[in-house]
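What follows is a set of notes on a single structure, which appears directly below.
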Amino acid sequence: MQHPCHDKAAEYRHQAQEIRAIVQKLSVDEAREQLLETAARLEGLAEEEERRAQADGAQPEPRSGA
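Numbering-wise, the working numbering comes out as the position in the sequence shown, counting from 1, plus 46.
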């Protein structure tokens with residue numbers, strides 16, 4: 047059974063990956079920058095969830111590539 051924190055981390059990473067895919071299609075620099083910042087925040091949230099899960103004694107799961 048997956049730990050809920052791992053589910054959250056995976057979802058944050060999935061959202062970050064989706065945003066990066068959208069960014070590649072944008073031509074407006076400001077929008078690209080805002081989306082990249084959002085993706086970076088989501089990656090940070092994913093890392094926090096993983097640290098929290100490790101502190102709770104859960105086994106870390108493999109990261110999905112972004």
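Every residue, glycine too, gets a C-beta built ideally from N, C-alpha and C.
Buried or exposed: which applies to residue 86, given that a residue is buried once 16 or more other Cβ atoms fall within 10 Å of its Cβ? As a first step, residue 86 must be located in the sequence shown, where it is residue number 40. Residue 86 is exposed by the Cβ-count criterion.
Can you tell me the Cβ-Cβ gap for residue 59 and residue 89, rounded? I've got them flagged as a contact below 8 Å. Working through the sequence shown from its first residue, we reach residue 59 at position 13. Working through the sequence shown from its first residue, we reach residue 89 at position 43. So it is a contact: roughly 7 Å between Cβ atoms.
Please go through the stretch 56-103 and give each complete alpha helix (DSSP H) segment of 4 or more residues, from N-terminal end onward. 75-101
Distance check for residue 61 and residue 81, CA to CA, integer angstroms please. For the purposes of this step, residue 81 is identified with residue 35 of the sequence shown, where counting begins at 1. For the purposes of this step, residue 61 is identified with residue 15 of the sequence shown, where counting begins at 1. So the two alpha carbons sit approximately 11 Å from each other.
What does a CB cutoff of less than 6 Å around residue 51 pick up in its chain, not counting 5 residues either side in sequence? Here residue 51 refers to the residue found at position 5 of the sequence shown. The answer, listed in chain order, is 95, 98 and 99.
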